[in-house]
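First residue of the sequence shown: 526, per the working numbering; consecutive thereafter.
By construction, the Cβ of each residue, glycine as well, lies at the ideal position given by its N, Cα and C atoms.
Notes follow once the structure below has been shown.
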Amino acid sequence: MSKVGVDFKHRMLKLLKEDEEFRYAVVGLIGIEDIRSGQARLEQAHIRLEEAIAKLTEGQSRLEQAFLRLTERQDRLEEAIIKLTERHDRLEVAFANLVERQDRLEQAVGNLEQAVGRLAEAQAKTEIAIQELFRQVSILTVRFNELSMQVSRLSDTVGFGLEDIAKVVVPGWLYRHEGIVVDDLVRRFFIVDGKEVEVNLYGEGLREGVKVVVLGEVKSRIYEGDVKDFDRSVEKLSSLFADENIYKLMFGYYIHPSAEHEAEKRKITLIASYMR
């Protein structure tokens, strides 16, 4: 420090020590500077406070917005919880119904198992009965075959016997009722389109000088179907007798009423063995 500076310092200290008014003036001056300095700092602090308040206000605004969003989310959450509760209630009801249905199903399955058991038992008995039935049917089949052979032989015997009767009875009946003169009636076989057609009674005669071809069928019992079958057989021979007068007849022990109606439609004469 220079000498001038040192002297000034000593004089100032001496004045502060000896002059009381000067001392108070200096103290006041220092206080004013402190006040000014404090005021400046206070103004700066006030500015910073305003900035902080502004930031706080902005933050509070954001907080309020966030709170509103949170409130909205909470409302939605409460609504979702209500819906979830309703769904849960419905689910509980559905589950209760499912349990009830399961119980009924288990009961039904139990009943079904019992029924299946009874059915299996009945099936076993049925199988035994069927086996016995098969055995009886086999026996009946053998007996039926034997009976069929006997009936066939008897039918042949009766058929040929009836045919012999027809050969004797029919010519006289034709003469008395139709004016047809025919000497003999015989069994004949014709070949038409490579197939054999059998006629029980065949004969050629005259009616009022005109040739007549007699075609007849002999059956012990004559029904509607027999009349149709015979007429179809005669149709097969139509090409062989295209220019001939054909007289169709059937001879048998018994003539069913249905056969009479069908024969009338097809112009076939039915003669019973007892007719003269």
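Notebook entry, point to check: Apart from the five residues on each side of it in sequence, which residues of its chain come closer than 8 Å, Cβ to Cβ, to VAL711?
Noted result: Translated into the one-based positions of the sequence shown, residue 711 becomes position 186. The residues are LYS692, LEU726, TYR727, GLY728.
Next item on the list: Give a yes or no on whether the C-beta atoms belonging to ASP754 and LYS744 are separated by under 7 Å.
Entry: For the purposes of this step, residue 754 is identified with residue 229 of the sequence shown, where counting begins at 1. For the purposes of this step, residue 744 is identified with residue 219 of the sequence shown, where counting begins at 1. At least 7 Å separates the beta-carbon of ASP754 from that of LYS744.
Next item on the list: Could you tell me the boundaries of the alpha helix (DSSP H) in which ARG732 lies?
Entry: On the sequence shown, position 207 is the one that residue 732 refers to. For ARG732, there is no enclosing alpha helix (DSSP H); the enclosing beta strand (DSSP E) has its first and last residue at 720-732.
Check: So, using beta-carbon positions, are LEU774 and VAL759 closer together than 7 Å?
Finding: What you label residue 774 is simply residue 249 of the sequence shown in a count that begins at 1. What you label residue 759 is simply residue 234 of the sequence shown in a count that begins at 1. Not in contact: LEU774 and VAL759 (Cβ atoms no closer than 7 Å).
Next item on the list: Could you tell me the distance, in whole angstroms, from the CA atom of LEU540 to the CA atom of ARG566?
Entry: Here residue 540 refers to the residue found at position 15 of the sequence shown. Here residue 566 refers to the residue found at position 41 of the sequence shown. A direct Cα-to-Cα measurement between LEU540 and ARG566 gives close to 32 Å.
Next item on the list: With a 10 Å radius around its C-beta and 16 neighbouring C-beta atoms as the bar for buried, classify GLY686 as buried or exposed.
Entry: Locating residue 686 in the sequence shown gives position 161, counting from the first residue. Exposed, because fewer than 16 other Cβ atoms sit within 10 Å of the Cβ of GLY686.
Checklist line | Pair within 7 Å by beta-carbon distance, VAL738 and ILE771 | finding: Start at 1 with the first residue of the sequence shown, and residue 738 comes out as number 213. Start at 1 with the first residue of the sequence shown, and residue 771 comes out as number 246. Yes, Cβ-Cβ distance for VAL738 and ILE771 is below 7 Å.
Next item on the list: In angstroms with no decimal places, state the Cα-to-Cα distance between ARG598 and THR610.
Entry: Translated into the one-based positions of the sequence shown, residue 598 becomes position 73. Translated into the one-based positions of the sequence shown, residue 610 becomes position 85. Taking the straight line joining both Cα atoms gives about 18 Å.
Next item on the list: For chain B, find out if any of its Cβ atoms is closer than 7 Å to the Cβ of ALA570; answer yes or no.
Entry: Of the chains in the structure shown, none is chain B; there is only one protein chain.
Margin query: I need the straight-line Cα distance from MET800 to TYR779, nearest angstrom please.
Written below: Working through the sequence shown from its first residue, we reach residue 800 at position 275. Working through the sequence shown from its first residue, we reach residue 779 at position 254. In a straight line, the C-alpha of MET800 is about 11 Å away from that of TYR779.
Next item on the list: Thinking ILE802 and LEU699 are a contact (beta carbons under 8 Å), I'd like their distance in whole angstroms, please.
Entry: The requested residue 802 does not occur in the structure, where the chain is confined to residues 526 to 801.
Margin query: DSSP three-state label for TYR799, please.
Written below: Position 274 of the sequence shown, counted from the start, is the residue given in the question as residue 799. TYR799: coil per DSSP, three-state reduction.
Next item on the list: Would you grab the beta carbon distance between VAL735 and LEU762 for me? Rounded to a whole angstrom, and I think it's under 8 Å.
Entry: Taking the sequence shown and counting its residues from 1, one reaches residue 735 at position 210. Taking the sequence shown and counting its residues from 1, one reaches residue 762 at position 237. Between VAL735 and LEU762 the beta-carbon gap is near 19 Å, outside 8 Å, which marks them as no contact.
Next item on the list: Give me the Cα-Cα distance between LEU630 and ASP600, rounded to the nearest whole angstrom.
Entry: In the sequence shown, the residue the question calls residue 630 occupies position 105. In the sequence shown, the residue the question calls residue 600 occupies position 75. Between the C-alpha atoms of LEU630 and ASP600 there is a straight-line separation of about 44 Å.
Notebook entry, point to check: How about VAL707 and GLY730: are their beta carbons less than 7 Å apart?
Noted result: In the sequence shown, the residue the question calls residue 707 occupies position 182. In the sequence shown, the residue the question calls residue 730 occupies position 205. Taking the C-beta atoms as reference points, GLY730 is found nearer than 7 Å to VAL707.
Next item on the list: Can you say whether LEU679 is buried or exposed, counting buried as having 16 or more other CB atoms within 10 angstroms of its CB?
Entry: For this step, residue 679 is matched to residue 154 along the sequence shown. Low per-residue confidence applies at LEU679: pLDDT is 44, beneath 50, and the placement is therefore not dependable enough to give any value.
Note to self: Buried or exposed for VAL724, going by 16 or more other Cβ atoms inside 10 Å?
What the structure shows: As a position in the sequence shown, residue 724 is number 199, starting the count at 1. Buried is the label assigned to VAL724, since at least 16 other Cβ atoms lie within 10 Å of its Cβ.
Next item on the list: Hey, could you find the ends of the alpha helix (DSSP H) LYS753 is sitting in?
Entry: For the purposes of this step, residue 753 is taken as the residue at position 228 of the sequence shown. First-last of the alpha helix (DSSP H) with LYS753: 749-761.
Notebook entry, point to check: At which residues does the alpha helix (DSSP H) containing GLU785 begin and terminate?
Noted result: By one-based count along the sequence shown, residue 785 stands at place 260. Unbroken alpha helix (DSSP H) run through GLU785: 782-791.
Next item on the list: My understanding is that ALA784 touches GLU749, with C-beta atoms under 8 Å, so please give their C-beta distance in whole angstroms.
Entry: Position 259 of the sequence shown holds residue 784. Position 224 of the sequence shown holds residue 749. Between ALA784 and GLU749 the beta-carbon gap is near 5 Å, inside 8 Å, which marks them as a contact.
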